[in-house]
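Quick notes on the structure that follows.
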Amino acid sequence: MMYFSSPGRWLFKISVKVALLLITSREFANIAKDDNVRERGALCGLIELGNKRATLALQPLTQNTDLADILELNMTVSDEAWRNLFQHKTNKQNTREFPDDELGSHKDWKERWNKWQAAAETIFKSNGRQTVLSKHKLQDLTTDQEAAIRPAVRRLAVAATAIATAAEAQAPKSNLLTDNDLQTKLNKAIYGDGAGVEPPADGTKLFTGAAGNGPQANCEGSNTTNKATTVAAALLCVCTKQSGAGNSEGNVCDYVTGTAQQWPAGSTFPGQTVITDATKLCDLKTEHKLSAEALAARVTAITNLIARRTGAATFGKTINGGCTGSQDGGMCIKYTDLGNDGSKKYTDIPWLGQVADLETALRKHEATVQVHQQAASAIKTMRLQTQSLIYSEPPQPREQIQPKTSTPEKNKRQRMRATQRQ
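Residues 1 to 422 in full-length UniProt numbering are what the sequence shown lists, from first letter to last.
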C-alpha cells in the first residue's frame with residue numbers, strides 16, 4: 001500500500017525552512033531595506049523627547065501658603081506677651097532678629113526664631129492683625145472667642161508643622177525636578193549638549209575624542225573607547241552608510257525615504273546635513289508628558305535589541321560581527337566589552353547610563369511629588385478648619401481666661417512653654 005503526504009504537510013515544512021532562513025539571514029546576509037527599522041524606532045523613541053518636546057508628567061506642587069497661614073494665625077491669637085517678643089524695640093511695625101543677650105538661655109529658640117519671626121511679620125503692620133483674622137474669616141472675633149480658639153489653633157499649628165516636617169524627611173524637596181532639569185538631562189544624553197540645539201551644528205558633541213575614518217572607527221569600541229557616546233551618534237551608526245557605499249544601505253532604517261547622506265570621507269565626524277538626514281526619520285514635532293514608566297519603556301525598547309554574544313554586543317544589523325557601514329560589513333554600533341561572557345551592564349554604555357540615571361531621578365521626583373501632595377492636602381484641610389473654630393470651641397469662663405491667683409510673670413512663662421511646642 002502506498003501513502004502520499006498531504007499538500008498541507010509539505011507547505012508546513014517549506015514554511016519552517018523559510019522562517020529559519022529569515023532568522024539566520026539577519027546576521028549573515030547583506031544589508032537590506034528596513035533591516036534596522038526597529039533599531040531606528042527605538043532610538044527615535046529617545047530622540048523625539050529632545051529639544052523641549054518632553055515635560056514632566058507629574059509636575060511639582062505650586063507654592064501655597066497654607067502652613068504659613070496657620071502659623072501666622074497662631075501667632076496672631078497668641079497672647080500679647082508672646083507676640084511682643086518678636087516686635088522691634090524702636091521700629092514697632094517690624095520684627096526683630098533673635099536677641100542673644102535677652103533670650104540666649106533658650107537654646108532651641110534660635111533655630112526656630114526665623115519661622116516664628118515670619119509668622120509675626122504681618123501682625124505688626126498697620127491693620128495687620130485684622131488682615132490676618134480676615135484671611136481666616138475671623139475678622140469679627142471677640143476677645144472671649146479668641147481666648148477660646150487659642151488652644152485649638154496651637155494644636156493645628158503643631159500638627160501641620162509635624163506633617164510638613166515628616167513629608168520633607170520622607171521625601172526631600174531636593175529630589176524634585178523641573179521641566180528644564182528634565183530637558184537638559186535628555187538633551188545631554190541625546191546630543192551631548194544640555195541646550196539641545198536641533199539640529200546640532202556638527203558631530204563634535206555627539207561623539208567623543210578624535211574622529212576616526214568611517215563608521216567602523218567611530219562606532220566600534222569598548223564602553224569607554226567607543227566614540228559614539230550619544231543617542232544621536234548611535235542613530236548615525238545604524239542608519240548612515242559609509243562614504244561611497246551604494247545598494248540598499250541608505251534604506252536600512254526606512255524602506256521608503258531612507259537616508260540620502262553618507263558618512264564623510266576621511267577622519268571627520270558627520271556634519272549638520274548628515275545629522276539632519278538621519279534625525280528626520282524621527283518625529284520631531286509631537287510633544288510628550290514624560291513619566292518614569294514611559295521612559296523605562298523606551299529604554300527597554302533599545303536594550304531588547306542589543307545582541308550580546310561572546311566577546312561583544314551589537315545594536316543594529318551586523319555582518320559577521322562588523323559595523324563598517326557598508327552592505328556587506330554591517331550597519332551597527334558595537335561594544336567590545338559588553339559580551340555575555342563579561343560583567344558589564346547595558347547602563348555602562350554612556351548614553352544609556354545617562355537615560356537610566358534620569359529614569360531613577362524621575363522616580364524619586366514622582367515619589368516626592370506624591371508625598372508632598374498628600375501633606376499639602378492634609379494641611380489645607382487644617383487651614384480650612386480654622387474658619388470654623390469659633391463654632392466648635394466653646395468660650396472659656398472669664399475666670400479661666402484671667403485667673404486672679406496667677407501673677408503676670410508666671411502666666412508669661414507658662415504661655416512661652418506652651419508655645420515652644422509649636
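Glycine is no exception: its CB is placed at the ideal position from the N, C-alpha and C atoms.
Note that the structure is predicted; figures quoted are calculated from it, not measured.
- Query: Can you name, in chain order, every residue of its own chain whose Cβ lies under 6 Å from the Cβ of V355, other than the five neighbours on each side?
  - Reply: The answer, listed in chain order, is A189, V299.
- With DSSP as the reference, label D100 as helix, strand or coil. Residue state, collapsed to three classes: helix.
- Find out if the Cβ-Cβ distance for the pair V132, L73 is shorter than 8 Å. One thing to note: V132 has its Cβ within 8 Å of the Cβ of L73.
- Message: Quick check on A189: does DSSP put it in helix, strand or coil?
- Response: Three-state result, A189: helix.
- Query: Hey, G203 and G50: beta-carbon distance below 8 Å or not?
  - Reply: No. Outside cutoff.
- Touching by the beta-carbon criterion (3+ pairs, under 8 Å), the segment 218 to 234 and the segment 326 to 345: Contact holds: three or more Cβ-Cβ distances are below 8 Å.
- Message: For P394, count the other beta carbons within 10 Å of its own beta carbon; 16 or more makes it buried, fewer makes it exposed. Which is it?
- Response: The Cβ neighbour count for P394, taken over all protein chains shown within 10 Å, is under 16; the residue is labelled exposed.
- Message: For H372, count the other beta carbons within 10 Å of its own beta carbon; 16 or more makes it buried, fewer makes it exposed. Which is it?
- Response: It counts as buried.
- Identify whether R38 lies in helix, strand or coil by the three-state DSSP scheme. Helix.
- Message: Once the 5 residues before and after S174 are set aside, which same chain residues still bring their CB inside 6 Å of it?
- Response: Cβ neighbours of S174 beyond the five flanking positions: none.
- How should S78 be labelled, buried or exposed, when 16 other C-beta atoms within 10 angstroms of its C-beta is the threshold for buried? With 16 or more Cβ atoms within 10 Å of its Cβ, S78 is classed as buried.
- Task: Scan the segment 108 to 172 and note each continuous beta strand (DSSP E) run of 3 residues or more that stays entirely inside, going in chain order.
- Result: Complete beta strand (DSSP E) runs here, min 3: none at all.
- For M382, which of V153, A245, K92 has the nearest alpha-carbon? Closest option to M382, Cα to Cα, is V153.
- Simplified DSSP state of D348, which is helix, strand or coil: Residue state, collapsed to three classes: helix.
- N-terminal and C-terminal residue of the beta strand (DSSP E) that L56 is part of: 54 to 56 is the extent of the beta strand (DSSP E) around L56.
- Say whether the segment 336 to 347 touches the segment 267 to 284, bearing in mind that this needs 3 or more beta-carbon pairs closer than 8 Å, one atom from each stretch. Counting Cβ pairs under 8 Å, fewer than three are found: no touch.
- Item | Runs of alpha helix (DSSP H) lying entirely within the segment 228 to 257, each at least 4 residues, in chain order | Whole alpha helix (DSSP H) segments, 4+ residues: 231 to 239.
- V369 and P60 closer than 8 Å at C-beta: Inclusion of V369 and P60 in the CB contact set at 8 Å is warranted, their separation being smaller than that value.
- Please state whether DSSP places residue 437 in a helix, a strand or coil. Because residue 437 is not part of the residues shown, which for the chain are 1 to 422, the question remains open.
- With 16 other CB atoms within 10 Å as the buried threshold, where does Q387 fall? Around the beta-carbon of Q387, fewer than 16 other beta-carbon atoms lie within 10 Å, marking it exposed.
- Query: In angstroms, rounded to a whole number, what distance separates the CA positions of D277 and T184?
  - Reply: A straight line joining the alpha-carbon of D277 with that of T184 spans about 23 Å.
- Do the segment 304 to 317 and the segment 30 to 40 make contact, defined as three or more Cβ pairs closer than 8 Å? Yes, the segment 304 to 317 touches the segment 30 to 40.
- Quick one: is Q327 buried, meaning 16 or more other Cβ sit within 10 Å of its Cβ, or exposed? Label assigned to Q327: buried.
- Task: Whole angstroms is fine: what's the gap from N180's alpha carbon to A375's?
- Result: Cα-Cα distance, rounded: 25 Å.
- Task: Would you check if the distance between the CB atom of A260 and the CB atom of G271 is smaller than 8 Å?
- Result: Between A260 and G271, the C-beta gap is not smaller than 8 Å, which leaves the two residues out of contact.
- Message: For L141 and G128, what's the separation of their Cα atoms in angstroms?
- Response: Each residue's Cα considered, the two are about 15 Å apart.
- Expressed to the nearest angstrom, what Euclidean distance is found between the alpha-carbon atoms of H136 and D283? Spanning the two alpha carbons is a distance of roughly 51 Å.
- Ordered along the chain, which non-local residues of its own chain (more than five positions away) have a Cβ less than 6 Å from that of E48? Correct list, in chain order: C282, D283.
- Item | For C323, the first and last residue of its enclosing beta strand (DSSP E) | From DSSP, C323 is part of no beta strand (DSSP E); its letter is neither H nor E.
- Query: Which term fits N84, buried or exposed, when burial requires 16 or more other beta carbons within 10 angstroms of its beta carbon?
  - Reply: The residue in question, N84, is exposed, as its Cβ has fewer than 16 Cβ neighbours within 10 Å.
- Query: What separation, rounded to the nearest whole angstrom, lies between the Cα atoms of G353 and F207?
  - Reply: Cα-Cα distance, rounded: 16 Å.
- Message: Quick check on R298: does DSSP put it in helix, strand or coil?
- Response: Three-state DSSP puts R298 in a helix.
- Spatial distance of S134 from L56 (CA atoms): Each residue's alpha carbon lies about 37 Å from the other.
- Task: Measure the C-alpha to C-alpha separation of A210 and L362 and round it to an integer number of angstroms.
- Result: The alpha-carbon atoms of A210 and L362 are separated by roughly 34 Å.
- E97 versus W82 - alpha carbon distance: The straight-line gap from Cα to Cα measures roughly 15 Å.
- Query: Taking the DSSP output, what are the residues bridged to Q262?
  - Reply: DSSP lists K241 as partners of Q262.
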